[in-house]
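Residue numbers (the numbering used here), protein chains in the order written: chain A, 152 to 328; chain B, 81 to 515. Comments concern the structure below.
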Amino acid sequence: MDELIQTDRAVAPPPSTAGEWGAFERLYRESRDDVYAYLAYLLGDRTLAEDVLAQTFERAYRKRAGFDSRRGELRGWIFGIARNMALDELRRGKRELALDGAVLDAPVPAPGDHVIDRVVVADALLTLDPRDRELVALKFFAGLGNRDIARVLGRSETNVGSQLHRAIQKLREVLDA
Amino acid sequence: MREQTDNTFKRRRDRLDDAARHELAVIDRVLVGNHTEGADDAEIAEFALRLRAERPTIGDDGRARLDTRFAERISEERTAVANPGPIDRLRGRFLSGVSRPAPLAGALATLFVVVGVTVALSSDPLNETVTVSSEGRNAGTALSGAPTNDSADSDVAESGRAGGDSQGSTNGQAMAKSAPATTHRLDELSSLVAEPNRSTSAIRRVERSGDLTLATPSVNVENVADGVIATTDRFNGFVETSTVSGGDAGDASANFILRLPSDRYQEALAALSGLAHVRERTQNTRDITDSYERAADRLKSARAESNRLRAKLAATTDETQAKIVRLRLRRAEASESARRREMQAMRNRVSNVTLGVTIVADETAEITDRGTIGRALDKAVDILTQIAAVAIVSLAILAPLALLALAIRFGYRRLRRSRDESVLDSTAAPTSAEA
Numbered sequence: 152m153d154e155l156i157q158t159d160r161a162v163a164p165p166p167s168t169a170g171e172w173g174a175f176e177r178l179y180r181e182s183r184d185d186v187y188a189y190l191a192y193l194l195g196d197r198t199l200a201e202d203v204l205a206q207t208f209e210r211a212y213r214k215r216a217g218f219d220s221r222r223g224e225l226r227g228w229i230f231g232i233a234r235n236m237a238l239d240e241l242r243r244g245k246r247e248l249a250l251d252g253a254v255l256d257a258p259v260p261a262p263g264d265h266v267i268d269r270v271v272v273a274d275a276l277l278t279l280d281p282r283d284r285e286l287v288a289l290k291f292f293a294g295l296g297n298r299d300i301a302r303v304l305g306r307s308e309t310n311v312g313s314q315l316h317r318a319i320q321k322l323r324e325v326l327d328a
Numbered sequence: 081m082r083e084q085t086d087n088t089f090k091r092r093r094d095r096l097d098d099a100a101r102h103e104l105a106v107i108d109r110v111l112v113g114n115h116t117e118g119a120d121d122a123e124i125a126e127f128a129l130r131l132r133a134e135r136p137t138i139g140d141d142g143r144a145r146l147d148t149r150f151a152e153r154i155s156e157e158r159t160a161v162a163n164p165g166p167i168d169r170l171r172g173r174f175l176s177g178v179s180r181p182a183p184l185a186g187a188l189a190t191l192f193v194v195v196g197v198t199v200a201l202s203s204d205p206l207n208e209t210v211t212v213s214s215e216g217r218n219a220g221t222a223l224s225g226a227p228t229n230d231s232a233d234s235d236v237a238e239s240g241r242a243g244g245d246s247q248g249s250t251n252g253q254a255m256a257k258s259a260p261a262t263t264h265r266l267d268e269l270s271s272l273v274a275e276p277n278r279s280t281s282a283i284r285r286v287e288r289s290g291d292l293t294l295a296t297p298s299v300n301v302e303n304v305a306d307g308v309i310a311t312t313d314r315f316n317g318f319v320e321t322s323t324v325s326g327g328d329a330g331d332a333s334a335n336f337i338l339r340l341p342s343d344r345y346q347e348a349l350a351a352l353s354g355l356a357h358v359r360e361r362t363q364n365t366r367d368i369t370d371s372y373e374r375a376a377d378r379l380k381s382a383r384a385e386s387n388r389l390r391a392k393l394a395a396t397t398d399e400t401q402a403k404i405v406r407l408r409l410r411r412a413e414a415s416e417s418a419r420r421r422e423m424q425a426m427r428n429r430v431s432n433v434t435l436g437v438t439i440v441a442d443e444t445a446e447i448t449d450r451g452t453i454g455r456a457l458d459k460a461v462d463i464l465t466q467i468a469a470v471a472i473v474s475l476a477i478l479a480p481l482a483l484l485a486l487a488i489r490f491g492y493r494r495l496r497r498s499r500d501e502s503v504l505d506s507t508a509a510p511t512s513a514e515a
C-alpha cells in the first residue's frame with residue numbers, strides 16, 4: 152500500500168509489476184474488514200455488504216488512475232467508492248432494510264452482560280439521525296479520520312468534526328440516561 | 081441577507097471548542113489502540129470502545145469468501161489490463177497520464193478561446209473602407225487612376241462596359257449583384273487579386289486603387305512628402321504625379337498619385353500609413369476579368385491574322401497578288417501591335433495599384449516618424465495593446481463560462497449530496513422495539 156500512497160504524482164501507478172499488484176492486494180487486506188463493517192452497517196445486510204465490497208475493490212482497481220493523493224488518503228478514496236456503490240444499491244431498492252438492521256443481523260453471542268450492553272448501544276444508535284449514524288459508522292466502525300470522512304461525505308473537515316461531536320454528545324446522553 | 085445569516089450561523093455551529101476538540105482527539109487515540117489518562121478521558125475512552133464493539137465483523141467463512149472473490153475479480157481485471165480492447169488501447173495511447181480530464185479540457189478550451197480571439201482581432205478591417213465593384217457599375221471612380229492614354233485602352237474600356245452587363249455565369253455577376261459598393265475584409269480581397277503567372281480563364285482579374293489621407297503638422301508636410309517618395313521607391317513603385325506646396329501657416333499640403341506593384345501593395349500601404357496620422361484610407365477594387373479576356377482574345381485573333389497573311393505571302397508567286405497581301409499584312413501587324421499594347425495596359429492595370437496620397441496640414445496631429453527607437457517603441461506599444469485586447473476579450477468570454485462551470489459543479493454536488501442524504505433519510509425508521 153505504501154507504494155501506492157507515497158507516489159509523488161497524484162495518480163496511483165498502474166500495477167503492471169508484481170510489486171504493485173502486491174501493493175493493491177495489501178490495500179485490500181488492510182481495508183477489507185473496515186469497509187465491510189461500514190457497508191454492513193449502512194446496508195443492514197451482510198450478504199449484500201460482501202457483494203458491494205467485492206465490487207468496490209473491483210471498481211477501485213479499474214479507476215485507480217483517478218485517485219488523487221492531494222485530496223486524501225487511499226483508504227478514504229476506497230470508502231468513497233464503497234459509499235457510492237452502497238447508496239446506488241439502496242437507491243435501486245434492492246434492500247429496504249438499512250442502517251438499523253445491521254446489528255440485528257449480527258451473529259448472536261452467548262447471553263450475558265455484554266449482550267445486554269450491545270443491545271443498549273444499538274438502541275442508542277437508532278435514536279440518531281441516519282446521517283449522524285453514518286458519521287458514527289465511518290468513525291467508530293471504519294476507523295476513518297475526520298479528513299477522510301469529510302472527503303467521503305463531501306463536507307468540510309470542520310463540519311464533520313462538529314457534527315460528529317454533537318452525535319457523540321447525544322449518544323452519551325442516551326447511554327447515561 | 082437571510083442566506084448570509086444562515087451561513088454565519090452554520091459556521092458558528094461548525095466551530096469546535098477546545099473541550100470538543102480534546103474529546104475527539106481522545107477518541108482517535110483510543111480507536112487506534114492508544115491508552116488515555118485522566119478520569120474524563122477514561123470515560124470518553126470507554127464510550128468509544130463500547131461503540132466500537134458494535135462494529136459489524138466478518139467471520140472467517142465470510143472473509144475466505146471475500147478473499148476468493150477478490151482474487152477472482154482482480155485476476156479478471158489483470159487479464160483485461162494485459163489484453164486491452166481497442167478503445168482501451170486508444171485511451172492508453174492518447175490519455176495515459178491524464179488523471180483529471182476536466183482541467184485538461186478547461187486548458188484546451190482556454191487556448192481555443194484565446195487563439196480564436198487573437199485571430200478575430202488580428203483580422204479586423206482596421207476601420208478601412210474597401211469597395212469592390214464590377215465593370216460597368218462605378219467605372220468612373222474605379223478607373224480614375226488607370227492609365228488611359230493608350231489608344232487601345234478606350235476599346236477595352238468600351239468592351240469592358242459592355243461586358244460588365246453581360247457577365248452571365250461568372251463570379252463577376254455575383255459581385256455586381258451583391259452591391260455596387262460592398263465592404264469586404266482585406267483577406268477576401270487579396271484572394272480576388274490575379275496572379276500574373278496563372279493564365280486559366282477561371283482567374284479573376286481585379287484592378288485596385290486606393291486613397292490615403294495623412295495628417296501632420298505644417299512643418300512636417302515636406303518630410304512626410306519625402307517619406308512618401310522614398311517609400312514608393314523602396315517598394316519598386318513610381319510616382320505618377322506629385323504636387324507639394326510648403327508653408328508654415330497651416331496651408332501646406334501635398335498630393336501624389338503613386339503606382340505600386342500589386343504584390344507589395346499592402347506592405348507599401350502599411351509603410352505609408354506609418355509616416356503620419358492616417359485620417360482616411362479607402363480601397364477600391366474592380367473586376368475587369370471580361371475586359372482582360374476580350375483583350376487577350378483580340379490579340380490572339382490579330383496574331384492569327386498576321387500569321388495567316390505571312391503564310392499566304394510566302395505561298396504567293398504572283399507579284400501583284402503579293403503586293404496586295406503585303407499591304408494587308410502591314411495593316412494586320414499594326415493592328416497586332418495595338419492589341420499588344422492594349423494587352424500590356426490591361427496587365428499593368430492588374431499588376432499595379434493606383435494609390436492617391438494626400439497630405440494635409442493638421443497642427444493637432446502628432447509627428448509619428450520619430451526615428452528607429454521611436455518606431456520600435458510604437459510597435460512595442462501596439463503589440464502590448466493587442467495582447468491586452470486579447471486578454472480582455474478572452475477574459476470577458478472565459479469569466480462567465482468559468483462562473484457557469486463553477487455554478488454547475490456546485491449545483492451538481494449539492495444535488496448529489498441531497499440525493500445521497502435523501503436515500504439515507506428514506507431508510508426504515510429505527511425503533512427501539514426492533515433493536
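Beta carbons: idealized from backbone N, C-alpha and C, even for Gly.
Mind checking who P341 of chain B pairs with in its DSSP beta bridge? B:N432
Going along the chain, which residues of its own chain have a beta-carbon closer than 8 Å to the beta-carbon of I124 of chain B, five neighbours each way excluded? E103, V106, I107, V110 and T116
Starting from the Cα of R421 of chain B, find the closest Cα among B:A375, B:L184, B:E501 and B:I154 and give me that residue. B:A375
Can you check which of these residues, A:Q320, A:N297, A:L178 and A:A288, is closest to G223 of chain A by C-alpha distance? A:N297
N297 of chain A (DSSP reduced to helix, strand or coil): helix
Quick check on F315 of chain B: does DSSP put it in helix, strand or coil? coil
Under 8 Å, do I138 of chain B and Y187 of chain A count as touching if we go by C-beta distance? yes
Please state if the CB of V195 of chain B and the CB of I477 of chain B are separated by a distance shorter than 8 Å. no
Residue range of the unbroken beta strand (DSSP E) whose run includes L389 of chain B: Segment T369 to A395 is the alpha helix (DSSP H) holding L389 of chain B; no beta strand (DSSP E) there.
Please report how far the alpha carbon of A185 of chain B lies from the alpha carbon of T321 of chain B, in whole angstroms. 59 Å
Please list the partners that D141 of chain B has in chain A, where partner means a Cβ-to-Cβ separation under 7 Å. Correct list: empty, because the minimum Cβ distance to chain A is about 11 Å.
Beta carbon proximity, A100 of chain B to chain A, threshold 8 Å: yes
Rounded Cβ spacing between L304 of chain A and L295 of chain A (contact assumed at less than 8 Å): The pair is not a contact, with the Cβ atoms about 10 Å apart (cut-off 8 Å).
T296 of chain B - containing beta strand (DSSP E), residue span: V286 to T296
Taking C-beta to C-beta, are A412 of chain B and E385 of chain B nearer than 8 Å? yes
Using the beta-carbon of each residue, which ones in chain B are nearer than 7 Å to R213 of chain A? E157
DSSP three-state assignment for S325 of chain B, whether helix, strand or coil: strand
At 7 Å on the CB atoms, spell out the chain A contacts of L146 of chain B, in chain order. R183, E201, L204 and A205
Looking only at DSSP bridge pairs, what is N335 of chain B linked to? B:T323 and B:T438
Shortest alpha-carbon distance to L178 of chain A belongs to which of A:L225, A:L238 and A:A200? A:L225
Give the straight-line distance between the Cα atoms of I182 of chain A and Q466 of chain B, rounded to the nearest whole angstrom. For clarity, residue 182 of chain A is Ser in the given sequence; the question names Ile instead. So the two alpha carbons sit approximately 57 Å from each other.
Assumed close pair V433 of chain B, G290 of chain B - CB separation to whole angstroms, cut-off 8 Å: 7 Å
Within-8 Å CB hit, D343 of chain B to chain A: no
Stretch pair the segment 353-364 of chain B + the segment 290-300 of chain B: three plus CB contacts closer than 8 Å: yes
Taking the alpha helix (DSSP H) that I232 of chain A falls in, what are its first and last residues? L225 to R242
Does any residue of chain A have a CB that is nearer than 8 Å to the CB of L481 of chain B? no
Beta-carbon proximity of V517 of chain B to L241 of chain A, cut-off 8 Å: One cannot answer for residue 517 of chain B here, as it falls past the ends of chain B, which runs 81 to 515.
Use the C-beta contact count for G227 of chain A: other C-beta atoms within 10 angstroms, 16 or more gives buried, fewer gives exposed. buried
Residues that R149 of chain B contacts on chain A, provided the C-beta gap is smaller than 8 Å: E201 and A205
CB contact below 8 Å: L464 of chain B versus chain A: no
Proximal chain B residues relative to V287 of chain A, where beta-carbon distance stays under 8 Å: L131
Segment contact flag, the segment 474-493 of chain B with the segment 380-396 of chain B, C-beta cutoff 8 Å, min 3 pairs: no
Express the C-alpha separation of L464 of chain B and S415 of chain B in angstroms, rounding to a whole number. 60 Å
Comparing C-alpha positions only, which one of B:V473, B:A445, B:R489 and B:V440 sits nearest to F336 of chain B? B:V440
Excluding the five sequence neighbours on either side, which residues of its own chain have a C-beta within less than 6 Å of the C-beta of E324 of chain A, listed in chain order? none
Opposing strand residues paired with H357 of chain B [DSSP bridges]: B:A295
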